[in-house]
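Numbering (our numbering), first residue to last: 2 to 181. Scroll down for the structure; my scribbles are underneath it.
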């Protein structure tokens with residue numbers, strides 16, 4: 002019994018410590034995915050891009066931490082922008098130079114908004130981030146690679162495409178002190 006309590010306390014400490022480190026690092030910003038069951042759409046947002054109360058008022062739920070990104074430009078970093086499609090109520094996050102502004106406008110998107118910076122090169126404490134298409138709802142969803150590819154294919158997700166590298170946060174303190 003004591004061993005179980007100690008183990009649970011240690012695991013909780015790891016998660017709390019990881020979260021606290023990322024929150025204390027002024028260079029990083031948390032990136033979340035939200036879901037709107039009414040419109041059946043996902044959105045990818047940087048922390049405080051919208052107030053959480055406003056998102057809840059707009060009927061978004063299931064806030065999920067995806068990865069951490071950078072607030073400022075730097076070496077081997079690219080910008081990520083949010084675009085909205087008013088007809089489909091879709092939001093998509095697009096890395097710079099992934100599509101031209103003209104291409105996005107021709108696809109019906111508008112309101113290009115800067116979100117954050119991410120790595121465009123693989124490094125030790127990075128996680129690959131992909132965009133998936135959900136044909137059933139005609140929606141795009143951003144997801145870090147977590148080895149669940151088969152699960153998403155079974156759920157009907159298609160067109161998995163690599164976008165960039167986010168900053169992964171783990172309990173390994175050596176990674177925290179590694180190069181960002």
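We put the beta carbon where it would ideally sit given N, CA and C, even for glycine.
query: What first and last residue would you give for the beta strand (DSSP E) that runs through residue 131?
result: Residue range 127–135 is occupied by the beta strand (DSSP E) that includes residue 131.
field: Test item: CB-CB of residue 144 and residue 154 under 8 Å
entry: Cβ distance not < 8 Å, so residue 144 and residue 154 don't count as in contact.
- request: Please state whether DSSP places residue 98 in a helix, a strand or coil.
  value: Note: residue 98 maps to coil in three-state DSSP.
task: In the DSSP assignment, find the unbroken beta strand (DSSP E) run with residue 33 in it and report its ends.
output: From DSSP, the beta strand (DSSP E) with residue 33 extends over 29–37.
message: Is it the case that the segment 57–64 contacts the segment 31–44, given that we only count it when at least three CB pairs across the two stretches are under 8 Å?
response: Yes, the segment 31–44 is in contact with the segment 57–64.
query: Less than 8 Å separating the beta-carbons of residue 82 and residue 116?
result: Between residue 82 and residue 116, the CB-CB gap stays under 8 Å.
Inter-residue CB distance, residue 168 and residue 70 (contact presumed, cutoff 8 Å): Under the criterion of beta carbons closer than 8 Å, residue 168 and residue 70 qualify as touching, at roughly 7 Å.
message: Can you list, in chain order, the residues of its chain with a C-beta nearer than 7 Å to that of residue 79? Leave out the 5 residues immediately preceding and following it.
response: Excluding residues within five positions, the ones whose Cβ falls inside 7 Å are 96, 97, 118, 119, 121, 165.
- prompt: With burial defined as no fewer than 16 other Cβ atoms inside 10 Å of the residue's Cβ, what is the status of residue 77: buried or exposed?
  reply: Taking every protein chain shown into account, the CB of residue 77 has fewer than 16 other CB atoms within 10 angstroms, so this residue is exposed.
Buried or exposed by the 16-neighbour rule on C-beta atoms within 10 Å, applied to residue 59: Exposed, since its Cβ has fewer than 16 Cβ neighbours within 10 Å.
- prompt: What separation, rounded to the nearest whole angstrom, lies between the Cα atoms of residue 88 and residue 106?
  reply: Those two C-alpha atoms are separated by around 12 Å.
task: Could you check what DSSP says for residue 77 in three-state terms: helix, strand or coil?
output: DSSP places residue 77 in coil when its eight states are reduced to three.
- prompt: Looking only at DSSP bridge pairs, what is residue 103 linked to?
  reply: Checking the DSSP bridge columns, you'll see residue 103 has no partner listed.
query: Relative to the alpha-carbon of residue 185, which residue among 93, 27, 68, 56 has its alpha-carbon at the smallest distance?
result: Because the chain in this structure spans residues 2 to 181, residue 185 falls outside the shown range and cannot be described.
query: In this structure, what does DSSP give as the bridge partners for residue 85?
result: Beta-bridge pairing links residue 85 to 92, 111.
message: Quick check on the DSSP output: the alpha helix (DSSP H) that includes residue 55 runs from which residue to which?
response: It spans 53–58 - the alpha helix (DSSP H) in which residue 55 sits, taken as one unbroken run.
task: Pick helix, strand or coil for residue 41, following the three-state DSSP scheme.
output: In the structure shown, the three-state DSSP call for residue 41 is coil.
query: Can you tell which of 156, 100, 91, 108 has its C-alpha closest to the C-alpha of residue 44?
result: Here the closest residue by C-alpha is 91.
field: Neighbour-count burial assignment, residue 162, 16 or more Cβ in a 10 Å radius
entry: Per the 10 Å Cβ criterion, exposed.
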